[in-house]
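Chemist: Below: one structure in structure tokens.
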């Protein structure tokens, strides 16, 4: 998948306008400081602790971090309920996609059924509600491993332009 980002062949949807000022912005994944800045992979502005970031860069970093945290929590919840997500899945990408979609559909179906009936139909190793307290994170999971620095901190001018447009959008009125 890492090569897919670098080679830009991950089949992301085409770029879309996010507001009337910025023009089309490509779809992108969210990364942290370990990842390179690419047009399809956003990472935070550097400088935490080293230099004080301007407010709009701090806002961008906060929003990016919040998005990553939401995704990590969602994955943790899924892994706490469906063991298949606790270790790397050795399968073709389309099979992994089908497994993921099936787990999401089943999870949503069960949650809707529980809400309608007022009962719990399943529980995992962590029978917790709400999920926001992150106790799922105590599970032993090997599917996601810590990532060391990937590549260099150099990036294309286009990736920088896109990140700056997103920074302006996230810092703008109504964002």
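Residue numbers (full-length UniProt numbering): 1 to 175. Each residue gets a CB set at the ideal place from its N, CA and C atoms; glycine is no exception.
Are the CB atoms of residue 64 and residue 155 within a distance shorter than 8 Å?
Modeler: Residue 155 sits at position 155 when you count from the first residue of the chain shown. Residue 64 sits at position 64 when you count from the first residue of the chain shown. Contact flag unset, no.
Chemist: Can you have a look at residue 61 and say buried or exposed, based on whether 16 or more other CB atoms are within 10 angstroms of its CB?
Modeler: Counting from one through the chain shown, the residue named residue 61 turns up at place 61. Flag for residue 61 reads buried.
Chemist: State yes or no: is the beta carbon of residue 34 nearer than 8 Å to at least one beta carbon in chain D?
Modeler: Any reference to chain D falls outside this structure, which holds one protein chain only.
Chemist: Hey, quick one: how far does the alpha helix (DSSP H) through residue 72 stretch, first residue to last?
Modeler: Position 72 of the chain shown holds residue 72. Unbroken alpha helix (DSSP H) run through residue 72: 55 to 81.
Chemist: With which residues is residue 37 paired in a DSSP beta bridge?
Modeler: Taking the first residue of the chain shown as position 1, residue 37 is located at position 37. According to DSSP, which records beta bridges pairwise, residue 37 is partnered with nothing at all.
Chemist: Can at least three beta-carbon pairs, one atom from the stretch 43 to 54 and one from the stretch 15 to 29, be found at a separation below 8 Å?
Modeler: Counting Cβ pairs under 8 Å, fewer than three are found: no touch.
Chemist: Thinking residue 167 and residue 57 are a contact (beta carbons under 8 Å), I'd like their distance in whole angstroms, please.
Modeler: If you number the chain shown from 1, residue 167 lands on position 167. If you number the chain shown from 1, residue 57 lands on position 57. The pair is a contact, with the Cβ atoms about 6 Å apart (cut-off 8 Å).
Chemist: Using CA coordinates, which residue listed in 164, 52, 68 is at the minimum distance from residue 23?
Modeler: Residue numbering aside, residue 23 sits at position 23 when the chain shown is read from its first letter. Looking at the Cα atoms, 164 is the closest of the given residues.
Chemist: In whole angstroms, what separates the C-alpha of residue 12 from that of residue 94?
Modeler: Within the chain shown, numbered from 1, the residue matching residue 12 stands at position 12. Within the chain shown, numbered from 1, the residue matching residue 94 stands at position 94. Each residue's Cα considered, the two are about 15 Å apart.
Chemist: Check this for me: beta carbons of residue 39 and residue 158, under 8 Å apart or not?
Modeler: Residue mapping note: residue 39 aligns to position 39 of the chain shown, counting from 1. Residue mapping note: residue 158 aligns to position 158 of the chain shown, counting from 1. Going by C-beta atoms, residue 39 is nearer than 8 Å to residue 158.
Chemist: Taking residue 107 as the reference, give the member of 77, 98, 92, 87 with the closest Cα.
Modeler: Working through the chain shown from its first residue, we reach residue 107 at position 107. Nearest C-alpha to residue 107: 77.
Chemist: Leaving out five residues on either side along the sequence, give the residues of the same chain with a beta carbon under 8 Å from the beta carbon of residue 132.
Modeler: Position 132 of the chain shown, counted from the start, is the residue given in the question as residue 132. In this prediction, residue 132 has a pLDDT of 48, which is less than 50 and means its spatial position is unreliable; what the coordinates show is noted afterwards. Excluding sequence neighbours, residue 132 sits near 73.
Chemist: Strictly by DSSP, which residues pair up with residue 29?
Modeler: For the purposes of this step, residue 29 is taken as the residue at position 29 of the chain shown. In the DSSP output, where bridge partners are listed per residue, residue 29 has 41.
Chemist: Would you decide whether residue 112 is buried or exposed? Buried here means 16 or more other CB atoms lie within 10 Å of its CB.
Modeler: In the chain shown, residue 112 corresponds to position 112, counting from 1. It counts as exposed.
Chemist: Among 89, 98, 103, which one has its Cα closest to the Cα of residue 82?
Modeler: For the purposes of this step, residue 82 is identified with residue 82 of the chain shown, where counting begins at 1. It is 103 whose Cα lies nearest to the Cα of residue 82.
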